[in-house]
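Q:
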Amino acid sequence: MRALVIIPLLLLATSGGAADKRGTRDQLAVERALAGKVPGKPRTCLSSREAESSSVHNDTVLFRAISKLVWKNDMNGCPGLREDDILLTQSYGSSQLCRGDIVRLVDRTSQFFRSSCVFGDFVPYRKPD
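Sequential numbering from 201 applies to the sequence shown in the numbering used here.
1. In angstroms, rounded to a whole number, what distance separates the CA positions of R243 and S315?
2. Any idea what DSSP makes of S316, helix, strand or coil?
3. Suppose you measure from the CA of V318 to the CA of P328; what does that come to, to the nearest Å?
4. In this structure, how does DSSP classify T244 when only helix, strand and coil are distinguished?
5. Which residues bound the beta strand (DSSP E) around D329?
6. What does the Cβ neighbour count give for L210, buried or exposed, with the cut at 16 atoms within 10 Å?
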């Protein structure tokens, strides 16, 4: 049985700057989201329950489970990944996102498929107790 999973994206305000400005802004957003958190052992799969919301920053996707836990996934050089894209994945018999899963990028406005990317490892970042 195949299930189609759409990952909701947390939309970020865009300032319409150049690509290098966007790259710097994205890097700062990742640093802020992970500030004060310690990386843990990478996992190959992440349950969809552990991905309540997500945000895209260059080729990095952050999945927020709770305020103390953020999962980071570097999508291994995903060209053209934009913060406004809809990430569309197919899961076969489970509700997990896994390393190697193909992610199709859908333009939010036109609803056309733009490209495909692949998930890397899911690295947990937790606030220490």
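Positions of the beta carbon are idealized from the N, C-alpha and C atoms, including for glycine.
Treat the numbers as computed from the prediction; the structure is a model and nothing was measured.
A: Result, derived from the coordinates:
1. 25 Å
2. strand
3. 30 Å
4. coil
5. Neither: D329 is in no beta strand (DSSP E) and is coded neither H nor E.
6. Caution applies to L210, whose pLDDT of 37 falls short of 50 and renders its modelled position unreliable; the value that the coordinates give is listed next. With fewer than 16 other Cβ atoms within 10 Å, it is exposed.
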